[in-house]
Amino acid sequence: METKQVLTGVKCVDFSWVAAGPQVTRTLAEHGATVVRVESHRRPDTLRLNLVANKDFIPGIDRSAHAAVYNTNKYGMSLDLTNPKGREIAEKLIEWADVACESFGPGAMKRLGLDYEEARKIKPDIIYCSCTMQGQYGPHASFRGYGYHAAALAGFADLTGFPDGESALGHSAYVDYIAPWYMVIAVIGALKRRQSTGKGMYLDQAQLEAGPTFLAPAILDYTVNGRIMNRMGNRDPYAAPHGTYPCEGDDSWVVITVFTDAEWQGFCNAIGSPELSHNQKFATLMNRKENEDELDNLIKKWTTQHRAEQVVDLMQSNGVPAGRVYKAEDLFSDPQLKHREHYVYLEHQVIGRHAYDSGAIRFSKTPQRLWKAAPCLGEDNEYVYKEILGFSDDDISDLMAEGVITTEADLPV
Amino acid sequence: MSDNQERETLLGGYRVLDLTNERGFLCGKILGDFGADVIKVEPPGGDPARNIGPFYKDITHPEKSLYWFALNTSKRGITLNIETADGREIFGRLIKTADFVIESFEPGYMDNLGLGYPALEKINPRIIVTSITPFGSTGPYAHYKASDMILWAMGGFMYLCGESGEPPCRISLPQSYFAGALHGAMGTMLAHFYRETSVEGQHVDVSMQEATIYFLMGASELWDLNKVNRQRTGAYQFVARPSPLGRLRLRNYYPCKDGYVVFAPGGGINRALTASSTALTEMADEEGMAGDLRDYNWRNFDSSRISQGECDHQSDIFARFFLTKTKRELYEAAMERKILVAPLTTIKELVEDPQLAAREYFVKVEHPELADTITYPGAPIKMSEAPWRISRRAPLLGEHNEEIYKKELGLSKKQLTILKAIKVI
Numbered sequence: 009m010e011t012k013q014v015l016t017g018v019k020c021v022d023f024s025w026v027a028a029g030p031q032v033t034r035t036l037a038e039h040g041a042t043v044v045r046v047e048s049h050r051r052p053d054t055l056r057l058n059l060v061a062n063k064d065f066i067p068g069i070d071r072s073a074h075a076a077v078y079n080t081n082k083y084g085m086s087l088d089l090t091n092p093k094g095r096e097i098a099e100k101l102i103e104w105a106d107v108a109c110e111s112f113g114p115g116a117m118k119r120l121g122l123d124y125e126e127a128r129k130i131k132p133d134i135i136y137c138s139c140t141m142q143g144q145y146g147p148h149a150s151f152r153g154y155g156y157h158a159a160a161l162a163g164f165a166d167l168t169g170f171p172d173g174e175s176a177l178g179h180s181a182y183v184d185y186i187a188p189w190y191m192v193i194a195v196i197g198a199l200k201r202r203q204s205t206g207k208g209m210y211l212d213q214a215q216l217e218a219g220p221t222f223l224a225p226a227i228l229d230y231t232v233n234g235r236i237m238n239r240m241g242n243r244d245p246y247a248a249p250h251g252t253y254p255c256e257g258d259d260s261w262v263v264i265t266v267f268t269d270a271e272w273q274g275f276c277n278a279i280g281s282p283e284l285s286h287n288q289k290f291a292t293l294m295n296r297k298e299n300e301d302e303l304d305n306l307i308k309k310w311t312t313q314h315r316a317e318q319v320v321d322l323m324q325s326n327g328v329p330a331g332r333v334y335k336a337e338d339l340f341s342d343p344q345l346k347h348r349e350h351y352v353y354l355e356h357q358v359i360g361r362h363a364y365d366s367g368a369i370r371f372s373k374t375p376q377r378l379w380k381a382a383p384c385l386g387e388d389n390e391y392v393y394k395e396i397l398g399f400s401d402d403d404i405s406d407l408m409a410e411g412v413i414t415t416e417a418d419l420p421v
Numbered sequence: 037m038s039d040n041q042e043r044e045t046l047l048g049g050y051r052v053l054d055l056t057n058e059r060g061f062l063c064g065k066i067l068g069d070f071g072a073d074v075i076k077v078e079p080p081g082g083d084p085a086r087n088i089g090p091f092y093k094d095i096t097h098p099e100k101s102l103y104w105f106a107l108n109t110s111k112r113g114i115t116l117n118i119e120t121a122d123g124r125e126i127f128g129r130l131i132k133t134a135d136f137v138i139e140s141f142e143p144g145y146m147d148n149l150g151l152g153y154p155a156l157e158k159i160n161p162r163i164i165v166t167s168i169t170p171f172g173s174t175g176p177y178a179h180y181k182a183s184d185m186i187l188w189a190m191g192g193f194m195y196l197c198g199e200s201g202e203p204p205c206r207i208s209l210p211q212s213y214f215a216g217a218l219h220g221a222m223g224t225m226l227a228h229f230y231r232e233t234s235v236e237g238q239h240v241d242v243s244m245q246e247a248t249i250y251f252l253m254g255a256s257e258l259w260d261l262n263k264v265n266r267q268r269t270g271a272y273q274f275v276a277r278p279s280p281l282g283r284l285r286l287r288n289y290y291p292c293k294d295g296y297v298v299f300a301p302g303g304g305i306n307r308a309l310t311a312s313s314t315a316l317t318e319m320a321d322e323e324g325m326a327g328d329l330r331d332y333n334w335r336n337f338d339s340s341r342i343s344q345g346e347c348d349h350q351s352d353i354f355a356r357f358f359l360t361k362t363k364r365e366l367y368e369a370a371m372e373r374k375i376l377v378a379p380l381t382t383i384k385e386l387v388e389d390p391q392l393a394a395r396e397y398f399v400k401v402e403h404p405e406l407a408d409t410i411t412y413p414g415a416p417i418k419m420s421e422a423p424w425r426i427s428r429r430a431p432l433l434g435e436h437n438e439e440i441y442k443k444e445l446g447l448s449k450k451q452l453t454i455l456k457a458i459k460v461i
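Going down the list, the sequences are from chains B and U. Per the working numbering, residue 9 is the first one in the first sequence, and the count goes up by one each step. Per the working numbering, residue 37 is the first one in the second sequence, and the count goes up by one each step.
Set out below in structure tokens:
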């Protein structure tokens, strides 16, 4: 059945790699755009090289499910951009495309002769996206880091965890999962604008600039009041109890948050403990805040004797906000996520059938469609070189012989 | 309005009726900062979030909440009680000239008022309605009671946050709300583009729980493929490996002279990591602190094989070296020597970051009611045309009632007085 899609007919050449850039073009692809992903065996995407989630735990450029899920629906081609013929082919792709996306360090595309200035000579109305950590210019623009560096620089690491503990954000490339959605908004806006003006534009995104939008109130507290926010653990100034409590079982936790009197009544009903519900110490929010350590300890004593599911059921049926701290496995058995069809299974040539994220949005008329597993490196060479670029079989053989089309033989040893 | 209003924007000329509460404010802000004419609709008593701190100069007042300011830029404001018949009638009139409605009420709330998408579509077939809710508009948990931390937990990120053996924890601001709101803005934009060709609107249904899942960086995939739940390891990075090797913990956060830095030792065929580890080893060696790492070829590093003991030994050497240097010294060395190390910045250091200054990232917004100017975070993206901008500060309560109700809808002063008396506006 043909479902209508927002971006049918839109074409995108994707030079980007790692997490921030590919998630932009993946969203376009999920909504019907034709996205060609340009890669090289000589310099494989870092995500293809690390061991976050590999088939059978074995390293291999086509074995990473982590790399795969950022590249749903894309056509994968291999191309050496440093080869002059490779560059010509890249130019052909720019001419073909409506949108170009790259995420190399500032200056890299310029050195390849494929930056925005050059691209618009080939395609004057190109919408050209550059995703970097800190932007195209500035004293730190040359810093070559990963998402977890950006998360630290953007202030998130410092604000994660308990006041008396170390920062707890770990290896998370947190801002890599904020920036792309802003870039998609801008790309769609630019595409729409192009329809009436015929003009393209250049989109320069720094993850360091997108990230802090999620810290705005804390930023204002500093710029207005000079206050430097400290991490505050799991508490909240306007609620008590508000915390994470251990339950029966291995590393099993529940979150309970009580904001109103009604919720406190419900909580007391649920927990059935006179020690809590008849105690003046806990009768008002102010009192609960004053005696919060004692409150939390009492709750902990109770939750430790129950399974997390029981606690949540009891709380929810008494009108109290509560939820389990999900491990990854819980996401796959969560009935709500099943209802939303959150995980879509696609057949990847090396990994086999595996789960892709369908995201957070459901459209009543133009749903996104996840239909193609991520490409292995160069998997769609035949389709891209022949159908999109018009090369013949002989052309392709020549290009392979010359190393313009890279192969596994070109992998770094 | 500032004269920035005159410059072209991505959403100039399009109107948003913003019914969101604190769960969805950011969605309206994003659309407004990209140029839309956003009308924030509040209950006559004001949105309760006006009481969320921090506050301007710590003055607890509903017109001085920095939380409200931060998340409601580029919006005008009206009051309207849509639970009354008069309120719904006025809302119906506003719908006729609106392009978008965004809301973050409990699923079913708008439907029960006769203002759900099917009803609004009848009034204006072009309308796009975006609903931002904890779990989505329908489903077994649609009516679960939720708060930001619960979504952080049920989205899977909380489990990964914290020290091993310690309770899981959170980032100290409502990330699930913000994530849901940002995805709401993205969905709104996609529906907007579709409307160009189809001339029809639709319902955009966003789940904050699902928005949070996007942050998991491979944890879903690790379970899906290998039936391993990634563990929280605090200052360490977790690498899953089959038995008998078992998981590897790679230290990422290191205390330094005046705070912390993040650095992941690594190498192998990852050229950047190999160069980084090699450069840091050289830097340490210049001060005689590299120990036996000076003879180590980082090209041989293999996280799929290295023992925990050897890994810890490498980290310990770096840890001792980092303790002798400040954040600034290490960050500068990062740039000079291509070492992949960065400081954990505080909010103060973020605001004072020289890179952000060079990019003119922070913007000043006038607050005439305070006779002051406040510095806000700026553009999440720099566009060569139709730039992002904050057009105005967040609205005062009912600040634009006259502009909208009198000048636009043509209500008389008398009508407005009555509506106010009966608490419709």
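Using N, Cα and C, we set each Cβ at its ideal position, and we do this for glycine too. Quick caveat, the model's predicted, so the values are computed rather than measured.
Euclidean distance between Cα positions of residue i and residue j
i: E42 (chain U); j: D69 (chain U); result: Here E42 (chain U) scores only 47 on pLDDT, less than 50, and its place in the model is too uncertain to base an answer on.
i: D166 (chain B); j: I131 (chain U); result: 44 Å
i: A75 (chain B); j: Y364 (chain B); result: 11 Å
i: R370 (chain B); j: L211 (chain B); result: 27 Å
i: I404 (chain B); j: Y393 (chain B); result: 7 Å
i: T268 (chain B); j: F340 (chain B); result: 32 Å
i: Y412 (chain U); j: N238 (chain B); result: 19 Å
i: I75 (chain U); j: K111 (chain U); result: 6 Å
i: Y332 (chain U); j: A320 (chain U); result: 13 Å
i: G192 (chain U); j: Y185 (chain B); result: 14 Å
i: F61 (chain U); j: L445 (chain U); result: 25 Å
i: P92 (chain B); j: E232 (chain U); result: 40 Å
i: K100 (chain U); j: R425 (chain U); result: 22 Å
Cross-chain neighbours of residue i in chain A, by beta carbon under 8 Å
i: S372 (chain B); result: Absent here is chain A; the protein component of the structure consists of chains B and U.
Coil, strand or helix - residue i by DSSP
i: A457 (chain U); result: helix
i: I307 (chain B); result: helix
i: R307 (chain U); result: helix
i: S38 (chain U); result: Residue confidence is low: S38 (chain U) scores 43 on pLDDT, short of 50, so the model does not pin down where it sits. No coordinate-derived value is stated.
i: G198 (chain U); result: coil
i: I97 (chain B); result: helix
i: I249 (chain U); result: helix
i: R364 (chain U); result: helix
i: T174 (chain U); result: coil
i: K373 (chain B); result: coil
i: M85 (chain B); result: strand
i: W261 (chain B); result: strand
Contacting residues, own chain, Cβ-Cβ under 6 Å from residue i (five flanking each side not counted)
i: E103 (chain B); result: I130 and K131
i: G49 (chain U); result: none
i: L46 (chain U); result: F70, G71 and A422
i: A247 (chain U); result: A215, G216 and H219
i: K308 (chain B); result: Y253
i: D106 (chain B); result: V18 and K19
Spatial neighbours of residue i in its chain, beta-carbon cut-off 7 Å, leaving aside the 5 residues before and after
i: D388 (chain B); result: Y83, G84 and M85
i: V319 (chain B); result: C255, V262, T311 and A330
i: Q144 (chain B); result: P114, S138 and D212
i: R277 (chain U); result: R283, L284 and S340
Distance cut-off 8 Å: residue i Cβ against heavy atoms of the ligand GDP
i: V262 (chain B); result: With respect to small molecules bound, the structure shown includes none, and the ligand GDP cannot be examined in it.
Same chain, Cβ closer than 8 Å to residue i, neighbours up to 5 away in sequence not counted
i: Y353 (chain B); result: R361, H362, A363 and Y364
Minimum length 3: unbroken beta strand (DSSP E) runs contained in the region 50-81 of chain B: none
Cβ contact check for the region 163-183 of chain B and the region 224-240 of chain U: 3 or more pairs under 8 Å: no
Contact the region 287-298 of chain B vs the region 343-354 of chain B: 3+ CB pairs below 8 Å: no
Segments assigned beta strand (DSSP E), at least 3 residues, entirely inside the region 128-187 of chain B: 135-140
The region 118-127 of chain B in contact with the region 412-420 of chain B per 3-pair CB rule at 8 Å: no
Complete alpha helix (DSSP H) runs within the region 87-128 of chain U (minimum length 4 residues, chain order): 102-107
Stretch-stretch touch, CB-based, cutoff 8 Å, three pairs: the region 90-102 of chain B with the region 169-176 of chain B: no
Inter-stretch contact at 8 Å, needing at least 3 Cβ pairs: the region 389-406 of chain U / the region 198-217 of chain B: yes
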